[in-house]
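Here is the structure we will look at, set down as structure tokens.
In UniProt numbering, the protein residues as written are 1 to 351.
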């Protein structure tokens, strides 16, 4: 068994101020899926999430996106199902739907639900941007990750599958989807997209999107409860107000660090210059959000390292270069400090 840092689930750490967060209810849905199929390793799931599973039921709780994406990778490994995201999204259980789901499906019309979905999406997943537009009689929802490292194939599969299956469950069972675009390459389980989504699909696209006829937008949502909708909306609006004022500056600095990490040496002076401020102002503003510049660089480097090593896309020497290390041995020492195991051991465990 790999040597991992010791930490009991009750000693969970708070997310760093720069980390994008996702709604804990999303992780809870995946935990329930694994549990009902006899595939849940509770201690491993708690280690990946850094907290006890019974805390996930808090409707206001949000967890680091990187932890959530590692849970998806774990779910694919323990189920042996590469299409696990599609299959989780295929399950529609109104009793286990999160707070936001109840807001959407108690709106007056599908158009209002789509508008609320976009407005509140940052509460679902801060690492993904959602846009909604109408074009040539089509209504189009488009998901784009804020940086490549935040693209999670399994979670994007679940997002598409859940959006379509819930719409067909709550609005109309034969709701037609005009097409779906998927950012990742066509996988071996492509037939599952066609079976579950039941629409034309294209892969390797610049973004992930789905389109449906705009005439559906005025369709009333059956069985909606205006009183429930009003109560739920007050709760999520209060949460949204808190989120919108949180950690904006450190997230911007993190994006700059991520974009420049492979191309040049990261230093505070050059980033401060790009932000049109002094290094002292950069340090002061980061400190106000509870983060130092070096901690921010370390967080970006660690998150990229975990994704690159687990994906098997690059050789370890290439990863060391992409992360700004002078040599492979320096990268290996840092990786062992972060995870308790070597990059080779970590990669072998994920394949």
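No residue lacks a Cβ here, since even glycine has one placed at the ideal position from N, Cα and C.
Going by beta carbons, residue 183 and residue 205 fall inside the 8 Å limit. Secondary-structure assignment with DSSP links residue 140 through a beta bridge to 133 and 211.
DSSP places residue 23 in the uninterrupted beta strand (DSSP E) bounded by 21-23. Note that the C-beta distance between residue 123 and residue 141 is not below 8 Å. In the three-state DSSP reduction, residue 182 falls in the coil class, being neither helix nor strand. DSSP places residue 124 in the uninterrupted alpha helix (DSSP H) bounded by 121-124. A check of alpha carbon separations from residue 86 across 187, 278 and 117 identifies 187 as the nearest. Along the UniProt domain "HTH araC/xylS-type" (251-349), the alpha helix (DSSP H) occurs as fully enclosed runs of 4 or more residues at 268-274, 279-288, 293-311, 316-322, 328-339 and 343-349, listed in sequence order.
If you check the CB distance, residue 268 and residue 282 come in under 8 Å. The Cβ neighbour count for residue 339, taken over all protein chains shown within 10 Å, is at least 16; the residue is labelled buried. Under the 8 Å Cβ criterion, the segment 101-111 does not count as touching the segment 50-61, having fewer than three qualifying pairs. Taking residue 242 as reference, the option from 61, 285 and 344 with the minimal CA-CA separation is 61. One alpha carbon belongs to residue 236, the other to residue 309, and they sit about 37 Å apart. In this structure residue 38 is exposed. Its beta-carbon is surrounded by fewer than 16 other beta-carbon atoms within 10 angstroms.
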